[in-house]
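Novice: First, the structure itself, so that you have it in front of you.
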Amino acid sequence: MASPALLDLGVAFVAVAVAAALAVRVGLSVIPAYILAGVVVGPNPPRTVLGVDVALVESGALVAGLAELGVVLLLFFLGLEFSVDKLLRDRRRVVAAGLVDLAVNFTLGLLVALAFGLSLLAALFVAGIVYISSSAVVTKSLLERGWIANPEADPILGTLVFEDLAIAVYLAVLSAVLGGGGGGVAAVTGVARAFAFLGALALVAWAGTGLVVALLDHPTDEVFLLQVLGAVTLVAGAALLAGASEAVAAFFVGAALSGSDLVDRLETLVSPLRDVFAAVFFFAIGLGTDLALVADVAPLLVAAVAVTTLGKFASGITSGRVYGLSATRSVRTALALVPRGEFSLVVAALAATAGGEVAGTVPAFAVGYVLAMTVLGALLLEAADPLTRALAPRLGM
Amino acid sequence: MDVYEAEVPGVGYKYELAVEGSARVVVIVHHDGKRDLYLRPEPDADSEKLLSLTGEEARTLGAVLEGAYFQPVELEDTRVPLGGAVMEWLEVGADSPLSGRTLADAAIRQETGVTVIAVQRGSTTDPSPDPDTVLEPGDTLVVTGTRDQLRDFRARMAPE
């Protein structure tokens with residue numbers, strides 16, 4: 000008998016709450032904890048822990064819907080926090096650091112995946128997953144280590160800004176490719192429609208901030224919150240209808256509001272919602288994860304973790320040099336950018352809709368990869384001081 | 000004095016200003032109003048977190064620093080946007096030659112070029128004092144003039 004939807008949700012929230020508490024206790028990112036919580040209580044093995052049946056939650060429509068809202072809100076905030084100003088004011092260095100980061104890490108991901116015999120489409124997904132650092136984890140560690148007040152914060156945040164824009168373009172292109180998979184005239188018009196939709200949104204984001212603010216602003220917090228949530232969700236849903244990426248649509252709604260007077264209120268009012276639904280999203284990824292599939296891609300995982308950690312090291316150190324920083328600060332730039340997280344999983348969620356080999360391999364890879372990189376990233380940051388002392392003198396800067 | 004400002008996505012804003020030569024004060028203002036205050040003693044050093052303040056604490060501290068509670072007289076570095084002129088608050092001492100004289104009698108502007116724009120007595124402030132106002136010991140004169148004029152005026156106010 001199927002359990003009531005409310006019970007599923009209850010189990011889901013308790014599971015992520017326990018997972019978050021444990022993660023905070025041991026000082027790790029909450030993202031891998033949410034995924035593991037989903038794996039444990041989900042329908043895939045392990046189905047029992049210490050003889051107790053823990054296969055409590057099926058991936059029902061309700062959890063799936065809330066998880067989609069999580070993706071939409073994650074991308075909405077990415078857009079909201081996307082600083083066109085920062086990009087333009089410091090464009091030479093941001094673009095230089097960002098291009099190095101993209102060229103090194105995206106290419107390495109692509110090559111590793113192809114070397115392991117993945118199709119080009121699957122390899123493109125893997126490349127995106129290993130390319131994008133976790134803004135949430137990186138920013139949090141900057142605050143915790145106090146690096147936020149140091150010059151190394153500039154290349155780190157600059158790289159994240161570039162990645163934000165890159166991932167929006169990447170998601171838009173890949174979802175169009177998936178949508179137009181059939182080929183022929185229908186596919187071409189489908190892709191054209193998707194890009195027309197996103198292009199119109201981009202135009203509104205670029206020129207229509209005043210209009211969007213006037214539309215959504217309201218002195219009562221409750222009304223304001225509902226209007227924002229309504230607008231974001233509706234636009235994201237309309238994007239799906241137009242065959243475009245809902246995530247990119249949400250990004251543009253956020254971007255339209257970035258730099259407006261509403262940012263502080265949105266950060267205060269909407270970010271708790273984002274945290275809740277993003278947790279459900281990570282949890283839902285865990286629900287859908289079969290650890291046996293993750294084990295199947297273990298060789299690819301090990302290779303990707305090794306190669307892309309070194310990749311972020313190389314690109315991070317180069318970015319530090321682009322910003323004219325000392326060897327120590329350049330090594331820190333590299334260390335800080337290692338963790339991958341929420342956006343790798345957003346890419347994986349898109350891959351899951353692709354069907355075939357891509358849907359089988361890529362999400363399993365993404366889960367294993369994010370689990371490995373959040374833990375490895377935390378360990379590297381923990382050992383940041385001895386590592387920089389050991390590495391900095393060897394850079395000859 | 001330059002204040003370097005940068006947006007920190009997902010956090011808020013970062014402000015950096017130079018103090019004592021190469022040292023930098025870094026302030027992170029979070030979206031929720033929290034403020035972190037850091038000091039970087041030298042360009043190559045790490046920033047040390049000095050304080051983490053709530054919005055209200057930060058505003059109170061800011062007001063104290065700004066001089067809202069007590070305004071010291073910074074002789075050479077009073078920053079008031081009056082072109083070449085500056086503003087100062089000077090107390091009339093018990094043995095000051097001005098004590099007991101009217102403003103007209105003291106002929107401050109004629110002799111020094113300094114203008115008395117207000118007289119503070121106890122908790123009241125007279126914003127455009129009458130020439131017949133008799134100056135008393137303990138009065139605070141709010142005056143404006145160039146630095147040289149004010150130096151001259153301070154010399155005259157002090158007992159011979």
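Taken in order, these protein sequences are the chains called A and B. All letters in the first sequence, in the order written, are residues 0 to 396 by numbering that gives the first Met the number 0. All letters in the second sequence, in the order written, are residues 0 to 159 by numbering that gives the first Met the number 0. Virtual Cβ for every residue (Gly too), placed ideally from N, Cα, C.
Can you check which of these residues, Ala-20(A), Ser-329(A), Leu-286(A), Ala-19(A), is closest to Asp-43(B) by C-alpha distance?
Specialist: Ser-329(A)
Novice: Quick one: does the C-beta of Leu-119(A) sit closer than 8 angstroms to a heavy atom of the ligand ATP?
Specialist: Here there are no bound small molecules, and the ligand ATP is not part of this structure.
Novice: Give the interface partners of Lys-33(B) over in chain A, defined as CB-CB distance under 7 angstroms, in chain order.
Specialist: Those within 7 angstroms of Lys-33(B) in chain A number zero; the least Cβ separation is about 10 angstroms.
Novice: Considering only their Cβ atoms, is the gap separating Ala-278(A) from Ala-63(A) smaller than 9 angstroms?
Specialist: It is not a contact, given that the beta carbons lie outside the stated cut-off.
Novice: Which bits of chain B does Val-160(A) rub up against, with CB to CB less than 8 angstroms?
Specialist: Pro-8
Novice: For Arg-39(B), which residues in chain A fall below 8 angstroms Cβ to Cβ?
Specialist: Ala-148, Asn-149
Novice: Please report the distance separating the alpha-carbon of Gly-121(B) from that of Trp-88(B).
Specialist: 14 angstroms
Novice: Looking at the unbroken beta strand (DSSP E) that takes in Ala-17(B), where does it start and where does it end?
Specialist: 11-18
Novice: Buried or exposed: where does Met-372(A) fall if 16 or more other Cβ atoms within 10 Å of its Cβ makes it buried?
Specialist: buried
Novice: When we look at the beta-carbon of Glu-162(A) and count the other beta-carbons within 10 Å, is it buried (16 or more) or exposed?
Specialist: buried
Novice: With a threshold of 7 angstroms on Cβ separation, who are the neighbours of Met-0(A) within its own chain once the five nearest residues in sequence on each side are excluded?
Specialist: Caution applies to Met-0(A), whose pLDDT of 45 falls short of 50 and renders its modelled position unreliable; the model cannot decide the point.
Novice: How many whole angstroms separate the CB atoms of Ile-284(A) and Ile-34(A), which I take to be in contact at a CB cut-off of 8 angstroms?
Specialist: 6 angstroms
Novice: Can you grab the Cα-Cα spacing for the pair Phe-281(A) / Val-71(A), in whole Å?
Specialist: 13 angstroms
Novice: Locate the alpha helix (DSSP H) running through Glu-41(B), then write down its first and last residues.
Specialist: Neither: Glu-41(B) is in no alpha helix (DSSP H) and is coded neither H nor E.
Novice: In three-state terms, what does DSSP make of Arg-23(B)?
Specialist: Reduced to three states, the DSSP call for Arg-23(B) is strand.
Novice: Compare the Cα-Cα distances from Phe-75(A) to each of Leu-5(A), Phe-250(A), Ala-389(A), Thr-138(A) and report the closest residue.
Specialist: Phe-250(A)
Novice: Less than 9 angstroms separating the beta-carbons of Phe-196(A) and Gly-242(A)?
Specialist: yes
Novice: I want to verify the contact list: residues of chain A whose CB lies under 7 angstroms from the CB of Val-46(B), in sequence order.
Specialist: Note on residue identity: the sequence assigns Ser, not Val, to residue 46(B). What Ser-46(B) touches in chain A: Gly-145, Ala-148, Asn-149.
Novice: Cβ closer than 7 angstroms: which chain B residues qualify as neighbours of Glu-266(A)?
Specialist: The contacting residues are His-30.
Novice: Put Arg-388(A) into one of helix, strand or coil per three-state DSSP.
Specialist: helix
Novice: To the nearest angstrom, how far is the alpha carbon of Leu-261(A) from that of Pro-96(B)?
Specialist: 58 angstroms
Novice: What is the DSSP secondary structure of Lys-48(B), reduced to helix, strand or coil?
Specialist: Strand.
Novice: Can you find a CB in chain B that lies within less than 9 angstroms of the CB of Glu-341(A)?
Specialist: no
Novice: Thr-138(A) touches chain B at which residues, Cβ-Cβ below 9 angstroms?
Specialist: Within 9 angstroms of the CB of Thr-138(A), the CB atoms of chain B belong to Val-7, Pro-8, Gly-9, Val-10, in sequence order along the chain.
Novice: Per the contact definition of three or more C-beta pairs closer than 8 angstroms, is the segment 49-62 of chain B in contact with the segment 107-120 of chain B?
Specialist: no
Novice: What residues from the segment 80-100 of chain A come within 8 angstroms of chain B, judged by C-beta to C-beta, listed N to C?
Specialist: Going along the segment 80-100 of chain A in chain order, one finds Glu-80, Phe-81, Ser-82, Asp-84, Lys-85 with a Cβ nearer than 8 angstroms to chain B.
Novice: Under the three-state reduction of DSSP, which class applies to Tyr-3(B): helix, strand or coil?
Specialist: strand
Novice: By the three-class DSSP mapping on this structure, what secondary structure does Asp-274(A) have?
Specialist: helix
Novice: Helix, strand or coil for Tyr-169(A)? Go by DSSP, reduced to three states.
Specialist: helix
Novice: Around the Cβ of Arg-388(A), are there at least 16 other Cβ atoms within 10 angstroms (buried) or fewer (exposed)?
Specialist: exposed
Novice: According to DSSP, is Thr-327(A) helix, strand or coil?
Specialist: helix
Novice: On the premise that Leu-379(A) lies in contact with Leu-386(A), defined as a C-beta separation below 8 angstroms, what is that separation, rounded to the nearest angstrom?
Specialist: 7 angstroms
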